[in-house]
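Accompanying notes for the structure given below.
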Ligand SMILES: Cc1ncc(C[n+]2csc(CCOP(=O)(O)OP(=O)(O)O)c2C)c(N)n1
Ligand code: SF4
Ligand SMILES: [Mg+2]
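Numbering (the working numbering), first residue to last: 2 to 297.
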C-alpha cells in the first residue's frame with residue numbers, strides 16, 4: 002500500500018499581489034478590526050485597476066500604523082503623527098503618484114492634528130484613511146481625542162470627560178473635498194468609498210470605526226471585536242450628505258455613517274500653478290503635468 006502523500010497544493014491568498022505575504026502573520030489581536038479595513042483597501046486597489054507602481058502608502062506609528070508595512074506598494078512607516086507631512090512632501094515631489102495615508106486616530110488627530118487640518122486646508126491631493134478605534138491602542142489604551150465621553154481607558158479609569166473630536170466635521174471644515182465614515186462592518190460600502198477616494202482629485206478623508214478588542218472593548222466590558230461588529234450592525238444609521246454637526250459619537254449610542262462630502266475644488270498643485278502663472282506669465286512651465294489652468 003502506498004504511503005506517499007500528495008504534493009501540497011500551494012494556496013494563494015486572493016490578495017497576494019497587494020499584500021507582503023512574507024510579513025504574515027500580522028501582529029494584530031484576534032477580532033481586531035484592522036484586517037477587514039486592509040482587505041477593503043486591497044480590494045479597492047484591485048478592482049480600480051490602478052497601476053500599483055503608481056501608488057504609495059504612508060503610515061505613522063500605532064497598531065494601524067503597521068498597515069503600510071503589510072502592503073506590497075511603495076510603503077513608508079514614518080514617525081508618530083508625521084504620516085501626513087511625510088506624504089505631503091512625497092506628493093509634492095512626485096505628484097504623478099497616488100499617495101495614501103493609512104493611520105490611527107491618535108496618530109492623525111492627536112499628535113498629527115495640526116498636519117491634518119493644514120493639509121486639508123491646502124486641498125493636497127492625498128487620500129487619508131483614519132482608523133478610529135477610540136483609543137491609543139498600541140501603547141496601552143490611553144485616552145484619545147476620539148474617546149467618547151464616559152468610555153474608560155487606561156488613563157481615564159473612571160470614564161473620559163473630555164469632548165471628543167467629530168472627525169468628519171473637522172476634515173470637512175478644514176477643506177477636504179471627500180469625506181465619508183463607515184465601520185469595519187460595512188465592508189462593501191467601505192470598499193466603494195476607498196475606490197471613490199482613489200479617484201478623487203484633492204484631499205479625501207475616510208474615517209473607519211473599527212474594534213480594538215483588546216484595549217477598548219475589554220476595558221469597557223464590551224465583549225470581543227465580534228460583539229462590537231454586532232453593535233455596529235444594530236446601531237449604525239446611514240445618512241449620506243447630512244449636516245456634519247449631527248455626526249458626533251456618544252458612548253455606545255447610534256453612529257451616523259455615510260458619504261458626507263463630495264465636491265470639486267482646485268488642489269494645492271492647481272493653486273500653485275495658477276499663482277505662479279499669474280506672476281511669471283507664459284514663462285512659467287506648470288508643475289506636475291497640468292496646464293496651469295485648473296486653479297480657477
Ligand atoms: C513622538 C511620539 N510620541 C508618542 C509615541 C508613542 N505612541 C506610539 S503609537 C501611539 C498612539 C497610537 O494610537 P493610534 O494612532 O490611535 O493607533 P492605534 O494603535 O490605536 O491603531 C503613541 C502615543 C511615539 N511613538 N512617538
Ligand atoms: S491592541 Fe487593539 S487595535 Fe491593536 S491589534 Fe490589538 S485589537 Fe487591534
Ligand atoms: Mg487608535
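Quick reminder that beta carbons are idealized off the backbone N, C-alpha and C, glycines included. Being a predicted model, the structure only gives us computed values, none of them experimental.
Residue environment, residue i, which counts as buried when at least 16 other CB atoms sit within 10 Å
| i | result |
| --- | --- |
| residue 254 | exposed |
| residue 297 | Annotation note: pLDDT 44 at residue 297 (below 50); position unreliable, coordinate value reported separately. Result: exposed. |
| residue 288 | exposed |
| residue 189 | exposed |
| residue 187 | buried |
| residue 169 | buried |
| residue 15 | exposed |
| residue 20 | buried |
| residue 260 | buried |
| residue 95 | exposed |
| residue 11 | exposed |
| residue 264 | exposed |
| residue 128 | buried |
| residue 280 | exposed |
| residue 158 | exposed |
| residue 25 | exposed |
| residue 22 | exposed |
| residue 81 | buried |
| residue 242 | exposed |
| residue 52 | exposed |
| residue 176 | buried |
| residue 239 | exposed |
| residue 133 | buried |
| residue 282 | exposed |
| residue 92 | buried |
| residue 146 | buried |
Closer than 8 Å: residue i CB and nearest ligand 3 heavy atom
| i | result |
| --- | --- |
| residue 252 | no |
| residue 107 | yes |
| residue 88 | no |
| residue 63 | yes |
| residue 145 | yes |
| residue 137 | yes |
Residue i beta carbon near ligand 1 (any heavy atom closer than 8 Å)
| i | result |
| --- | --- |
| residue 1 | The structure shown does not extend to residue 1, since the chain is modelled only from 2 to 297, so the question has no answer here. |
| residue 140 | yes |
| residue 78 | no |
| residue 104 | yes |
| residue 114 | no |
| residue 111 | yes |
| residue 81 | yes |
Closer than 8 Å: residue i CB and nearest ligand 2 heavy atom
| i | result |
| --- | --- |
| residue 71 | no |
| residue 134 | yes |
| residue 40 | no |
| residue 1 | Because the chain spans 2 through 297 in this model, residue 1 falls outside it and cannot be assessed. |
| residue 365 | A query on residue 365 cannot be resolved here, the shown segment of the chain reaching from 2 to 297 and no further. |
| residue 32 | yes |
| residue 66 | no |
| residue 1 | This structure gives no information on residue 1, because the portion of the chain shown stretches from 2 to 297. |
| residue 212 | yes |
Near ligand 4: residue i beta-carbon under 8 Å from a heavy atom
| i | result |
| --- | --- |
| residue 215 | In the structure shown, ligand 4 is absent; the only ligands present are ligand 1, ligand 2 and ligand 3. |
CB contact check: residue i to chain C, cutoff 9 Å
| i | result |
| --- | --- |
| residue 67 | Within the model displayed, chain C is absent; a lone protein chain is all it includes. |
Whole beta strand (DSSP E) elements within the stretch 235-284, 3-residue minimum | 237-239, 256-263
Go through the stretch 33-93 residue by residue and report every complete run of the alpha helix (DSSP H) that reaches 4 residues or more, in order.
-> 35-48, 68-71
List in chain order: all unbroken alpha helix (DSSP H) runs of 4+ residues lying wholly within the stretch 114-159.
-> 114-122
Stretch-stretch touch, CB-based, cutoff 8 Å, three pairs: the stretch 221-230 with the stretch 76-90 = no
Count the CB pairs spanning the stretch 171-186 and the stretch 102-118 that are closer than 8 Å, and state whether there are at least three.
-> Short answer: they touch.
Would you be able to state if there are at least three C-beta pairs under 8 Å between the stretch 99-112 and the stretch 52-62?
-> yes
Answer yes if the stretch 192-199 comes into contact with the stretch 243-258, meaning at least three C-beta pairs across the two stretches below 8 Å, and no otherwise.
-> Under the 8 Å Cβ criterion, the stretch 243-258 does not count as touching the stretch 192-199, having fewer than three qualifying pairs.
Validate contact between the stretch 201-219 and the stretch 69-81 using beta carbons, cut 8 Å, 3 pairs = no
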